[in-house]
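The structure appears right after this line, and notes come after that.
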Ligand SMILES: [Zn+2]
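Residue numbers (the working numbering): 4 to 349.
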């Protein structure tokens, strides 16, 4: 076939008045576009008055005329030949044009998550931590302890006598606090190394490695006093509840409940081993310093214990230890020393 004989491609014209689709020829004339519907009246439209609809890179562009009609063009190239330049398109504009509902849903979802995590969960967790019945706190703590035992610890190899002696000392210190029903647990730390943990429900865990490093000494008392500070302020419980809340969010958001449950359990384990915020550590240190003084001890012991732990961690970097879950060590040693200097000056 001779290309010269080819008919120019036709557009489809919807006049906006009826549901009829007109086959229409289009011609360019000066600044105007002529629409010639087959069997209908010719329409002249100023090109700038034509509005592009839908995605600008659609294979068959759609244009709206000022009187509400619509033109379905045969191709983009055809539009360009008629002098109809598609508007400049940005990635954002294209994304918004093609997936507006998805974008709105994603935005609302993110806003909700940020709002819940940032503003609702922390105060809700703090409120619950204060009002939670001790029995429930104990069972939460037992669940957390089971999770930690399964992930990190082995049974202690300390002798009965040694454990009894240390427990006795700790119980005496705890009598000077408001903490009731304290339980002291001993574990072999393995990869966790020399460490002490406070678990919700009034449990303090000491690793064999910590006892070996500090001995049955005032330094061990100082570390225990710090953990009692965490228990007193319910740091572990508050963090645990915040993570449990996040777990609930995952249950809500993820389609697989098993997966959500696993993530929640993982949080329960990590919350104990990942440690507390710097503010919580400072609060626990200050509690320990007050308690040590109150029970006739020195906060120098806390500084000494921290120094020994820092040296141990430095010598054995691959192990996680008390310090990996207790950040800001240099600052804390200085604070403990400063407190001791002030006390001895008095
Ligand atoms: Zn701590």
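Note that the Cβ used here is the ideal one computed from N, Cα and C, for glycine as well.
All values derive from a computational prediction rather than experimental measurement.
Once the 5 residues before and after residue 14 are set aside, which same chain residues still bring their CB inside 7 Å of it?
27, 29, 74, 75, 76, 77
Do three or more CB pairs link the segment 129 to 137 to the segment 236 to 246 at distances below 8 Å?
yes
Does the beta-carbon of residue 292 have 16 or more other beta-carbons within 10 angstroms, so that it is buried, or is it exposed?
Counting Cβ neighbours within 10 Å, residue 292 comes out buried, since at least 16 surround it.
Is residue 313 a contact residue of ligand 1, with contact defined as CB to any heavy atom under 8 Å?
Because no heavy atom of ligand 1 lies under 8 Å away, the Cβ of residue 313 does not count as near it: no.
Please classify residue 211 as buried or exposed, where buried requires at least 16 other C-beta atoms within 10 Å of its C-beta.
buried
Could you spell out where the beta strand (DSSP E) holding residue 207 opens and where it closes?
206 to 210
Counting only the same chain and skipping the five closest in sequence on each side, list residues whose C-beta sits under 8 Å from that of residue 181.
These residues qualify, in order along the chain: 235.
Buried or exposed: residue 148, going by 16 or more other Cβ atoms within 10 Å of its Cβ?
buried
Would you say residue 159 and residue 294 are within 9 Å of each other, going by their C-beta atoms?
no
Check: residue 287 C-beta below 8 Å from any heavy atom of ligand 1
When distances are taken from the beta-carbon of residue 287 to the heavy atoms of ligand 1, the shortest one is below 8 Å.
When the Cα atoms are used, what is the spatial distance from residue 305 to residue 204?
24 Å
Check: residue 339 C-beta below 8 Å from any heavy atom of ligand 1
no
Continuous beta strand (DSSP E) assignments of at least 3 residues falling wholly in the segment 170 to 232:
186 to 191, 199 to 202, 206 to 210
Does the distance from the C-beta atom of residue 238 to that of residue 192 stay below 9 Å?
no
Report the three-state DSSP secondary structure of residue 280 (helix, strand or coil).
coil
Between residue 230 and ligand 3, is there a pair consisting of the residue's CB and a ligand heavy atom that are separated by less than 8 Å?
The model depicted lacks ligand 3 and carries ligand 1 instead.
For residue 288, does the count of other Cβ atoms within 10 angstroms reach 16, so buried, or fall short, so exposed?
buried
Mind checking which residues open and close the alpha helix (DSSP H) that includes residue 137?
137 to 154
Relative to ligand 1, is the shortest distance from any of its heavy atoms to the C-beta of residue 283 smaller than 8 Å?
Yes, the Cβ of residue 283 comes within 8 Å of a heavy atom of ligand 1.
Would you say residue 173 and residue 185 are within 9 Å of each other, going by their C-beta atoms?
A contact, by the Cβ cut-off of 9 Å.
Who are the near neighbours of residue 307 in its chain, counting only those whose CB is closer than 8 Å to its CB and skipping five residues on each side?
222, 225
For residue 35, name the three-state secondary structure that DSSP assigns.
Here residue 35 sits in strand by DSSP.
Does the Cβ of residue 235 lie closer than 8 Å to at least one heavy atom of ligand 1?
No.
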